[in-house]
Ligand SMILES: Cc1cc2nc3c(=O)[nH]c(=O)nc-3n(C[C@H](O)[C@H](O)[C@H](O)COP(=O)(O)OP(=O)(O)OC[C@H]3O[C@@H](n4cnc5c(N)ncnc54)[C@H](O)[C@@H]3O)c2cc1C
Ligand SMILES: Cc1cc2nc3c(=O)[nH]c(=O)nc-3n(C[C@H](O)[C@H](O)[C@H](O)COP(=O)(O)OP(=O)(O)OC[C@H]3O[C@@H](n4cnc5c(N)ncnc54)[C@H](O)[C@@H]3O)c2cc1C
Ligand SMILES: Cc1cc2nc3c(=O)[nH]c(=O)nc-3n(C[C@H](O)[C@H](O)[C@H](O)COP(=O)(O)O)c2cc1C
Ligand SMILES: Cc1cc2nc3c(=O)[nH]c(=O)nc-3n(C[C@H](O)[C@H](O)[C@H](O)COP(=O)(O)O)c2cc1C
Ligand code: FES
Ligand code: FES
C-alpha cells in the first residue's frame, strides 16, 4: 500500500481566481510517492454531516509539500475552504499517467478548466510537451506561469477570446495534429472536451490518456460506486474510476 | 417581543474549571432587556448536522455584554467551545425569577453545579441574599468570587468536603431555616437537589422558585416539546419550560 | 414573478406552509415576523377533546435530524376555534387545521365543527407515530385510508388534505387510496419512526421510547416519496421532510410538490420560512423562471 | 475483558462486522490494516452469474447520509469462491457471504455452492432496493420471507442470516417470518429507499433515479427496528445503519444487537472499524463491563 490517511498541515492557501483555491500542505509521505494524475480523497467536514470525502487531483509535489487546487462548488469544497490548520487527506490514490519518454517523443498535454490542475506535474516530467490550456474566459485563467516554467510550448485559449487563443483548446490540438507528429496525448477536462480529444486521437491513431471524474465513496476500490463505462461491455462493462483510473487509455472507455 | 436572533461577537472565552467554559459576548439588545433566570438558545453548529439550538442560562449582563457559562457535555457544547468569532443567539427567552424585595426580605439563593450560573445576576439584584453554592469537589468550584462580590453571605459546599462546607448545600439550607427567618428561596441545580429544596420550602411554608431544565426544540413556546409536569394534572398537566418557565413556583410543578 | 399556488381551489400567496406541530398556532413565530409572509399556516394537530400529550423528555437531536414524541398535546378543537382562529384571521395567510382522531367518528366530528369556522383546509393526520390509538394505525393501511377519507369527505365542506405516513412498504398504494376516497390534496411525509438510547443511563432518551424522525436526515426519503406519489396521482401535493433552505424547497417542487411545508428548520432558524421563500425566489431569478408553478414535477427523467 | 460474540454457533473475535457492499472482498481495506482486527467480514453482495451493476453516477451525499445505487455489481459466486475465499482465509476473521438472487432457486443454488466453500455464514440479501428483479421484492412481504428462508435452509449447510429491509410497514412481521422460516440470525437494516435531484440540471443525481440511503442519518430508524425485532424474536441480531463511532455501536447493542456492522463510516474513515472497536472497549472500561455480551438488549425500559 502506498496510500494512507494523513493529517496535513496547511502551509499556504490563496484564491487564485474567483472561487479557485490553491492549497499547499505538508506531507512527506504523499509528496515522495505521488505520481502525476493521482488524486487525494479529502475530508471536508465532520463525518456526521458529510459522510463522503471529496476527490481532488494532486497538482504538484516538491520535497515534503503537496499542492492541490480546487473550485468552490458545493457543500464540501465550500467547507474545505474554511479549514485553516490541518486537512485530513487519504492518498495518493489511483493510477497515474503513463510516462515513457522513449516511445512518446512528441507529447501533447491538453486540459480544460479545473482539468488543467492534474496536468501540471505531468507537464513538468515530460520533455518540452506541447501544452494547451482552455478556460472559459480571462478571469478563469490559472497556472499559466507554472506551465510556462515547465515547458516553452504553452498556449492558453479562452472560449470567449478574452485572453490568448480565441476558441476551444481542441482547435489548437486539431491544427497541431495536422501539422506535426504527435505520439501521445494526455488530457483532463470537461466531458465534451474529453470526447473530442478521444475522437481526434483515435481518428489519427494517436495514443491518448484521459483522466475521468466520477462521484466516489471509498476512493480505494472497495465500494464500486465510482464506475465508468468501458469498451469491454457485458458484465465487465464498468470499471472503477478511483482504482482502475482516474487515468484511462482513451480506447478503454466509453464517454 | 423582547427576543430575537442576534449574531454576537465573542469578547472573551476561557475555561474556568475542567470542561466549564465562561463566555462573554457583545449584544446590547439582550444585555439591556435580560432578566435573571432567562436563557439563551444558542446555535452550536451548522443546521444540517445539528438541527437544534442549545439552551444556556444568562449568567450576567453589563452594559452591552452578556455572559454565560457552559459545561462541555456532548456534541453541541463541544462544538460551541470551538466558535471563536461570532455566536448565533436567540434570546433572551423564558420567565425570569420574581424579585420583590418588599415581600421577600430574607432571600436564600441555592444552586448546585452548572445550576449556579443562572443565579449570579439574581444574587446581584437581591439585597444581601444568603447564597449556598454546591459543587461535587474543589476543582469544580466556580464563580465564588463573583457571588462574594454580590453578597457578604456566600457559603460554598462540596460533596466530598475538598473545599468549604463538607456536604450538600441543602444541609446548609436546612440549618438556615431552623435558625433564621427565610421569606423566599431561589434555586437551580440537579433534580434531586431541587426536589429536596422544594420539599423543605413547602414543609416550612416558604415561597420558593426553581429553575428547570428540559430538552427543547423551538425555545419560544411553539413546539410543545419541553414539557414539565405541573400540579394541575388532567389535560393541562404539562407546561412549557421554555415559555412558562424555566423558572416556576415550586408548588406549580411535580419533580 | 408569480409565487401564487393553488391547492385544491385555495390560493396561497406563496408555496411556503408551516408543518403541523412545529409552529404552534402561529402566535410565537408571529411575534418574530408577520405571518403574511406565509402561504399558509398548518396548525398543531388537533383532537376532539383536549389532550395532555406524552410525558417528557419529548425531543432529542439525532445525526442531522430530531426525534419528537409530543403526542398531540392540544387544547381541543373547540378551544382552537374560539381562541386561535380569530388571531389567525388577522393575517392573509391561509389556515390549515391538522386533525387527528382516535376513531373515524372523531375525524368526522372535527371536520363538521371546523368546516364553518374560518379555516381554509383540513389536513387529516392519519400518520402520527406518537399516539397509541388512531394516528398511524389509520395511515398504514390502504383500505382504512380509503374508508376514512370517504367518511370525512361526507362531513367536510372545505378541501381535505390527507397526510401520509412514510412508515409504509408502498407509499403509492396509500396515495391512491386517499385519492380514491376523494381527498382534495395530499401532504407528505410525516415523521419516520425512530429511537435513541442514552448509553450513559441505558434508557431511551424519549419517555415514550420511540419518536418521530424529522429534519435534514429524512429529506431523501421524502423526496423519493413525493416523486413516487406525483407519478401515480393527479392530486396536488404538499411536500415536506427536512426542507432547510431554498434549494431543498426547489428540489421538492421539481419532484412534484405544489407547495412545501417547513417544520424542523424553524427550530434552528426562527426565520426559516422567510429565508426559504427568499431562496426559491433567488433560484427563480437565476434560472429565469417567471412562475413558481413551472417548477412542479419538472424533474427530467431521460 | 471479553469481546467474543457468538452468532448462531459461529464465534467472532469481536462484534465488528463490515457491512456488505461497503468493503468489497476486503482486499482494499486489508491493505490498510489487518483484517484480523474484525469479527467478520461480510462481502459485497453476490449473484449466481456475474453482474455489471447500474450505470453511473451511483452515489451521492445527502444531509448526514449517502445514497447509493450500485446494483449488485459482482463477479458471480463462482469467481468469488475461486479468487476471493483463498485470500480471505489468510485472516482469522469470519467470512459472511451476502447473496442476492432473481429467483428463489438462485438463492438455493448459491447456498449449495457456498456451503462447502469455506465461508462461515450466509447472509440472504432480500432487501436490495437497487435491482429490479428479486431483491427488495422478496424482503417486503412476510409470506415470501417465510418461504424463501425455508427453501434456502434446505440447501445451506452453514448458518443463514436473513437481512431485513427497513422499507416496510412492520419490521417485526418480517423478522418473525424469517424466524419461522428457520433463519439462524437476522441482520438489519439494509438501506432506506431515497432520491436526490440536482436542481441545476433538474435530473435525479443517480442514474438509477432512486438509491439506498445509509449513514448517520438513518441511525434512529435502525435502532428502533433493532429494538422492535429484539422484542419479538429470539434470534441473534446483527445491527447496522449509521454506526460511526463506538457510542453508536454500544447504542445498537443496548437495543438488542449481538454484533454490529459498519458500512458508510468506512468511506470517511478507512480505519472506522478499528476505531469503533476501540470505542466499545473504552465504553466497557469506563462502565466496568467485563463481557461485551453483557450489553446486548440491556436498554432499560421502566
Ligand atoms: C479523480 C478526481 C479528481 C478531481 N480533481 C479536482 C481538482 O483538482 N480540482 C477541483 O476543483 N475538482 C476536482 N474534482 C472534482 C471535485 O471532486 C468536485 O468538484 C467536488 O467533489 C465537489 O464537491 P462539493 O461538495 O463541493 O460539491 P457538491 O456538488 O455539493 O457535491 C455533492 C457530492 O457529489 C460529489 N461530486 C460533485 N461533483 C463531482 C465531480 N465532478 N467529481 C466527483 N465527485 C463529485 C461530491 O464529492 C459530493 O459527494 C475531481 C474529481 C475527481 C473524481
Ligand atoms: C433553561 C436551561 C438553561 C440551561 N443553562 C445551562 C447553563 O447555564 N450552563 C450549562 O452548562 N448548561 C445549561 N443547561 C443545560 C444545557 O442545555 C445542556 O447541557 C446542553 O444542551 C447539552 O448539549 P450537548 O449537545 O452538549 O449534549 P448532548 O447530550 O449531546 O445533547 C443532545 C441533545 O439533548 C439536549 N440536552 C442534553 N442535556 C440537556 C439538558 N440538561 N437540558 C436541556 N437539553 C439538554 C441538547 O440540547 C441536545 O438537543 C441549561 C438547560 C436549560 C433547559
Ligand atoms: C415537534 C414536532 C411536532 C409535530 N407534530 C405534528 C402534528 O401534530 N401533526 C402532524 O401531522 N405532524 C406533526 N409533525 C410532523 C411535521 O408536520 C412534519 O411532517 C415532519 O416534521 C417533517 O417535516 P420537517 O422535516 O420539515 O420537520 C410534528 C413534527 C415535529 C418535529
Ligand atoms: C455502497 C453500498 C453498497 C451496498 N451493497 C450492499 C450489498 O451488496 N448487499 C447488502 O445486503 N447490502 C448492501 N449495502 C447496505 C449495507 O450493507 C448496510 O446495510 C447499510 O449501508 C446500512 O449501514 P451503514 O449506514 O453503516 O452504511 C450497501 C451499502 C452501500 C453504502
Ligand atoms: S470510490 Fe469506492 S470503488 Fe471507487
Ligand atoms: S421548546 Fe418549543 S415549546 Fe418549549
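Protein chains in written order, with my numbering: chain A, 11 to 265; chain B, 11 to 265; chain C, 1321 to 1622; chain D, 1321 to 1622.
Each residue gets a CB set at the ideal place from its N, CA and C atoms; glycine is no exception.
Bounding residues of the alpha helix (DSSP H) (the contiguous stretch that carries residue i)
| i | result |
| --- | --- |
| residue 1426 of chain C | 1424–1435 |
| residue 1595 of chain C | 1592–1606 |
| residue 1470 of chain C | 1462–1475 |
| residue 1441 of chain C | It is not in any alpha helix (DSSP H) - residue 1441 of chain C instead sits in the beta strand (DSSP E) that spans 1441–1445. |
| residue 63 of chain A | Residue 63 of chain A -> no alpha helix (DSSP H), and no H or E assigned at all. |
| residue 1629 of chain C | This structure cannot settle anything about residue 1629 of chain C, because the visible part of chain C is limited to 1321 through 1622. |
| residue 1350 of chain C | 1347–1350 |
| residue 192 of chain B | First-last for residue 192 of chain B: undefined, no H or E at that position. |
Contacting residues, own chain, Cβ-Cβ under 7 Å from residue i (five flanking each side not counted)
| i | result |
| --- | --- |
| residue 1372 of chain D | 1393 |
Neighbour-count burial assignment, residue i, 16 or more Cβ in a 10 Å radius
| i | result |
| --- | --- |
| residue 1430 of chain C | buried |
| residue 176 of chain B | exposed |
| residue 72 of chain B | exposed |
| residue 142 of chain B | buried |
| residue 1545 of chain D | buried |
| residue 213 of chain B | exposed |
| residue 1354 of chain D | exposed |
| residue 1584 of chain D | buried |
| residue 1554 of chain D | exposed |
| residue 288 of chain B | The shown model of chain B, from 11 to 265, leaves out residue 288 of chain B, and the question about it has no answer. |
| residue 162 of chain A | exposed |
| residue 146 of chain A | exposed |
| residue 22 of chain B | exposed |
Chain-order list of residues whose beta-carbon lies under 6 Å from that of residue i (same chain, five-residue window excluded)
| i | result |
| --- | --- |
| residue 82 of chain A | 29, 88 and 91 |
| residue 1345 of chain C | 1363 and 1404 |
| residue 1396 of chain D | 1369 and 1370 |
| residue 1508 of chain C | 1484 and 1545 |
| residue 1504 of chain D | 1328, 1479 and 1480 |
| residue 114 of chain B | 193 and 194 |
Terminal residues of the beta strand (DSSP E) in which residue i lies
| i | result |
| --- | --- |
| residue 229 of chain B | Segment: none, residue 229 of chain B is in no beta strand (DSSP E) and carries neither H nor E. |
| residue 135 of chain A | Looking at the DSSP string, residue 135 of chain A is not in any beta strand (DSSP E); the run it does join, the alpha helix (DSSP H), is 130–135. |
| residue 1331 of chain D | 1330–1332 |
| residue 51 of chain B | 49–52 |
| residue 267 of chain B | Limits of chain B in this structure are 11 at one end and 265 at the other, which puts residue 267 of chain B out of reach. |
| residue 1560 of chain D | 1557–1560 |
| residue 122 of chain A | 117–122 |
Proximity test, residue i beta-carbon vs ligand 8 heavy atom, cut-off 7 Å
| i | result |
| --- | --- |
| residue 1355 of chain D | Looking at this structure, you won't find ligand 8 anywhere; what it does contain is ligand 1, ligand 2, ligand 3, ligand 4, ligand 5 and ligand 6. |
Residue i: contacting residues in chain E (beta-carbon distance under 8 Å)
| i | result |
| --- | --- |
| residue 237 of chain B | Looking at the structure shown, chain E is missing, and the protein chains on hand are A, B, C and D. |
Problem set entry | Sequence-ordered residues whose beta carbon comes within less than 5 Å of a heavy atom of ligand 2 | B:49, B:62, B:64, B:65, B:66, B:67, B:80, B:81, B:83, B:84, B:85, B:86, B:87, B:124, B:127, B:223, B:225, B:256 and C:1381
Exercise. Looking at chain D, which residues of the region 1513–1526 of chain C have a Cβ within less than 8 Å of any of its Cβ atoms?
Worked result: 1513, 1514, 1515, 1516, 1517, 1519, 1521, 1522, 1523 and 1524
For this session: Mind checking the region 1532–1565 of chain D against chain A and listing, in chain order, the residues whose C-beta falls within less than 8 Å of any C-beta there?
Result: 1535, 1536 and 1564
Problem set entry | Proximal residues, the region 57–91 of chain B versus chain A, C-beta separation under 7 Å | 58 and 59
Exercise. Could you name the residues, in chain order, whose CB is less than 7 Å away from a heavy atom belonging to ligand 5?
Worked result: A:226, A:227, A:228, A:229, A:230, A:231, A:232, A:233, A:234, A:235, A:236, A:250, A:251, A:252 and A:253
For this session: Could you list the residues in the region 1330–1363 of chain D with a C-beta less than 7 Å from some C-beta on chain C, going in chain order?
Result: none
For this session: Scan the region 1575–1609 of chain D for residues whose Cβ lies nearer than 8 Å to a Cβ of chain A and list them as they occur along the chain.
Result: 1584, 1585, 1586, 1587, 1588, 1589, 1590 and 1591
For this session: Could you please tell me which residues of the region 1473–1486 of chain D, in chain order, have their CB closer than 7 Å to any CB of chain A?
Result: For the region 1473–1486 of chain D, the set of positions with a beta-carbon nearer than 7 Å to some beta-carbon of chain A is empty.
For this session: Mind checking the region 1381–1411 of chain D against chain A and listing, in chain order, the residues whose C-beta falls within less than 7 Å of any C-beta there?
Result: 1381, 1384, 1385, 1386, 1388, 1390 and 1393
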